[in-house]
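Let me begin by presenting the structure, written as structure tokens, before commenting on it.
Protein chains: 2
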Amino acid sequence: MMSSERISDAELTIMEILWERAPLTATDVAARLPDDRAWSLPTVKTLLSRLLGKEAVEHHVDGRRFLYSPLIGREDYVAHESKRLVDRLFGGKFMPLFAHLAEQENLSAADITEIERLLQEMKS
Amino acid sequence: MMSSERISDAELTIMEILWERAPLTATDVAARLPDDRAWSLPTVKTLLSRLLGKEAVEHHVDGRRFLYSPLIGREDYVAHESKRLVDRLFGGKFMPLFAHLAEQENLSAADITEIERLLQEMKS
DNA sequence: TCGAATCGATTACAGTTGTAGTCGGAGAAT
DNA sequence: ATTCTCCGACTACAACTGTAATCGATTCGA
Numbered sequence: 743m744m745s746s747e748r749i750s751d752a753e754l755t756i757m758e759i760l761w762e763r764a765p766l767t768a769t770d771v772a773a774r775l776p777d778d779r780a781w782s783l784p785t786v787k788t789l790l791s792r793l794l795g796k797e798a799v800e801h802h803v804d805g806r807r808f809l810y811s812p813l814i815g816r817e818d819y820v821a822h823e824s825k826r827l828v829d830r831l832f833g834g835k836f837m838p839l840f841a842h843l844a845e846q847e848n849l850s851a852a853d854i855t856e857i858e859r860l861l862q863e864m865k866s
Numbered sequence: 743m744m745s746s747e748r749i750s751d752a753e754l755t756i757m758e759i760l761w762e763r764a765p766l767t768a769t770d771v772a773a774r775l776p777d778d779r780a781w782s783l784p785t786v787k788t789l790l791s792r793l794l795g796k797e798a799v800e801h802h803v804d805g806r807r808f809l810y811s812p813l814i815g816r817e818d819y820v821a822h823e824s825k826r827l828v829d830r831l832f833g834g835k836f837m838p839l840f841a842h843l844a845e846q847e848n849l850s851a852a853d854i855t856e857i858e859r860l861l862q863e864m865k866s
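Quick note, the sequences are listed as chains A and B, same order. Adding 742 to a residue's 1-based position in the first sequence gives its number in my numbering. Adding 742 to a residue's 1-based position in the second sequence gives its number in my numbering.
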């Protein structure tokens with residue numbers, strides 16, 4: 743289940759780190775930040791606290807620090823956000839989004855073949 | 743061109759109205775709000791002002807009121823937001839998003855046929 | 001002409017977000 | 001035992017959002 747509170751952009755950066763590897767301490771998380779988001783440790787702690795409040799992560803005590811782990815799965819989050827986009831911009835319909843993406847991305851012949859393969863698989 | 747300022751959820755509601763029909767006065771916009779977002783006129787005016795500030799809409803004077811029109815096209819906005827989602831959640835790749843959506847949506851046989859038709863069209 | 005209705009502009013105000021500083025307590029080092 | 005270090009908690013603070021009230025000017029109706 744996805745709690746209804748939205749995960750912000752900065753918070754998502756933290757989630758990605760925890761999805762890749764958990765549990766981690768706040769310091770560990772800070773050490774794994776991408777270069778273009780080299781936040782201070784206090785900032786990371788604030789974001790972790792907020793994620794705790796949103797019940798997106800949990801922590802358990804390890805000596806005198808916390809080990810954080812995701813509570814929301816990446817799959818759930820991705821599904822949720824994808825649906826949100828489809829609802830907001832494509833009237834909840836999948837096909838218009840697909841058409842838009844296909845056109846936008848200028849699919850290569852290889853992409854098309856790959857998609858056809860995926861579709862065949864689904865048929866069965 | 744899309745100015746980099748993000749359009750918020752409430753603001754998007756206004757944009758949708760203007761995309762459907764423009765130019766409109768603030769009062770016209772308010773009258774066309776969906777039922778689940780029956781905001782007061784002042785609220786609509788605030789949102790229009792913010793959209794002006796973000797250069798997402800323009801207005802021109804008509805007697806003593808303004809007529810508002812979108813400056814950003816819906817196509818551009820949709821493309822922008824779709825790309826944002828793909829970048830944030832699918833490493834900028836189209837295929838993973840397609841796979842995710844296809845699985846999620848549980849495509850019907852008719853959908854699949856439709857997609858195949860679209861793909862054929864693209865091939866040529 | 002004088003009050004009523006209407007406009008846009010300004011102000012309000014709480015909640016979220018991005019980004020961080022500070023503080024009190026608990027452990028670690030000496 | 002005392003100091004230093006590190007942790008989580010709390011505080012900060014400006015920008016953005018959602019939602020609106022109010023105010024001064026103008027115009028319309030009586």
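The beta carbon of each residue, even a glycine, is placed where N, CA and C say it ideally should be.
Cβ-Cβ distance between residue i and residue j below 8 angstroms
i      : j      : result
M744/B : H822/B : yes
P812/A : W781/A : no
L789/A : A752/A : yes
T767/A : F808/A : yes
M757/A : A844/B : no
S824/A : L827/B : yes
Min CB distance residue i to chain B below 8 angstroms
i      : result
I749/A : no
R763/A : no
A852/A : no
I857/A : yes
R774/A : no
M757/A : no
The ligand ATP heavy atom lying under 7 angstroms from the CB of residue i
i      : result
L827/A : Ligands in the displayed structure: none, and consequently the ligand ATP is not present.
CB-CB length for residue i against residue j, believed under 8 angstroms
i      : j      : result
Y810/A : I749/A : About 14 angstroms; that fails the 8 angstroms criterion.
V685/A : V771/A : No information on residue 685/A is available, as it lies outside the stretch 743 to 866 that chain A covers here.
R774/A : L754/B : At roughly 34 angstroms, the Cβ-Cβ gap does not stay under 8 angstroms, so R774/A and L754/B are not in contact.
CB contact check: residue i to chain A, cutoff 8 angstroms
i      : result
S824/B : yes
L760/B : no
E753/B : no
M743/B : no
L766/B : no
R830/B : yes
Practice task
State whether the segment 792-800 of chain B contacts the segment 848-866 of chain B, with contact taken as three or more CB pairs (one from each stretch) at a distance under 8 angstroms.
Solution key: no
Exercise for the section: Below 9 angstroms between beta carbons is the criterion; list the residues of the segment 776-802 of chain B that meet it against any residue of chain A, in chain order. Expected result: none
Problem - Touch test, the segment 838-848 of chain A against the segment 773-788 of chain A, Cβ-Cβ under 8 angstroms, three pairs minimum - result: no
Practice task
Pull out every residue of the segment 808-822 of chain B whose Cβ sits closer than 7 angstroms to any Cβ of chain A, in chain order.
Solution key: V820, A821
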